[in-house]
Each structure stands twice: as C-alpha cells, then as structure tokens.
Amino acid sequence: MKFIRWFLGRIILAVDFLTRPKPVVREPRAQDAVDAMSAKMSLYQFNACPFCVKVRRQLRKHALNIELRDAKNNLQFKQELTNEGGKHKVPCLRIEESTNSIKWIYNSKDICSFLEKQFSL
Ligand SMILES: N[C@@H](CCC(=O)N[C@@H](CS)C(=O)NCC(=O)O)C(=O)O
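Numbering (my numbering), first residue to last: -3 to 117.
Okay, structure coming up:
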C-alpha cells in the first residue's frame, strides 16, 4: 500500500513536471507589488499530494512567490499547521494579515479562489 502510494506520487510529480504551465511575465513594478503581497503567505503542503500540486501549478502559472512549507517531513511546520491552523490537512494557505491576525485557508478549491480574488488572476 505504501509502495503504491509512493508510486502514484511519482507519477503525479512526473506528469506535473512535463505539463507545468509557463509563468506569466509582469512588468518589474507589478511583480514587486505581487511579491510584497505574497511575502505574507506560505503554503503548507506535501510534495506529491495531488491537491497541493494543483495549488502549486496555480502559483507557478501566476508567478506567485509564496513560500512552500513541507508539512510532512518538517516537524516544526507539521506542528504549526496542526496547532495553529487547527488540523493536519494539506494544502493550507497561511496568511499573515497583521502581526496578531493570521488566517488559515484549507481546501485547494478555496485556496485557488482566494488567490484568484487577491491577485485578480
Ligand atoms: N478536499 C481537500 C483534500 C485534501 C486532502 O485530502 N489532503 C490530504 C493529502 S492528499 C491530507 O492532507 N492528508 C493528511 C491527513 O489527513 O492527515 C482539498 O481539495 O484540499
């Protein structure tokens, strides 16, 4: 079972690699503005999770430089996600709205629509 999961994960990563979208190219000033907004965000994810791949493809397509946090192998990120976000489920987008307000969005569909709204994709 573990091997099948691992094997399917490799297929997902290979298909993603072969078909990944080209990033949009923005004017430097527009990209700087997008980078400033996305600097407050991080994506908790697993490398071979299909829902995470879906979100990462959207990040790539729209040239969003959002930090990726491996919530499977990195114990600190795993604990942050569980304790602060509320559950160990990926993908999850962490948004630092201000120093004492942090928003956690679970579910790939919700993350994609948030990004779409935020960056007018
Ligand atoms: N409907 C969710 C599904 C997310 C999901 O099932 N994620 C799995 C990885 S593929 C997960 O977090 N599993 C870890 C766990 O449940 O502890 C989405 O679209 O984001």
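Every residue, glycine too, gets a C-beta built ideally from N, C-alpha and C.
What you are looking at is a predicted structure, and each value in this text was computed from that prediction instead of being measured.
With DSSP as the reference, label residue i as helix, strand or coil.
i	result
residue 118	The shown model of the chain, from -3 to 117, leaves out residue 118, and the question about it has no answer.
residue 77	helix
residue 1	helix
residue 112	helix
residue 16	coil
residue 88	strand
residue 64	strand
residue 50	helix
On the premise that residue j lies in contact with residue i, defined as a C-beta separation below 8 Å, what is that separation, rounded to the nearest angstrom?
i	j	result
residue 51	residue 24	That belief does not hold up - the Cβ atoms of residue 51 and residue 24 are roughly 25 Å apart, past 8 Å.
Hey, how far is the Cα of residue i from the Cα of residue j?
i	j	result
residue 104	residue 89	9 Å
residue 65	residue 28	22 Å
residue 22	residue 57	12 Å
residue 73	residue 67	5 Å
residue 62	residue -3	32 Å
residue 14	residue 44	15 Å
residue 20	residue 115	12 Å
residue 109	residue 48	14 Å
residue 91	residue 46	22 Å
Rank the options by C-alpha distance to the C-alpha of residue i and give the top, closest one.
i	options	result
residue 40	95, 11, 82	82
residue 9	53, 33, 84	53
residue 84	70, 92, 93	70
residue 76	59, 99, 55	99
residue 95	20, 3, 18, 36	36
residue 5	110, 32, 42	42
residue 107	31, 32, 38	38
residue 34	18, 55, 17	55
residue 93	32, 59, 17, 60	32
**Q.** Sequence-ordered residues whose beta carbon comes within less than 5 Å of a heavy atom of ligand 1
**A.** 45, 47, 84, 85, 86, 103, 104
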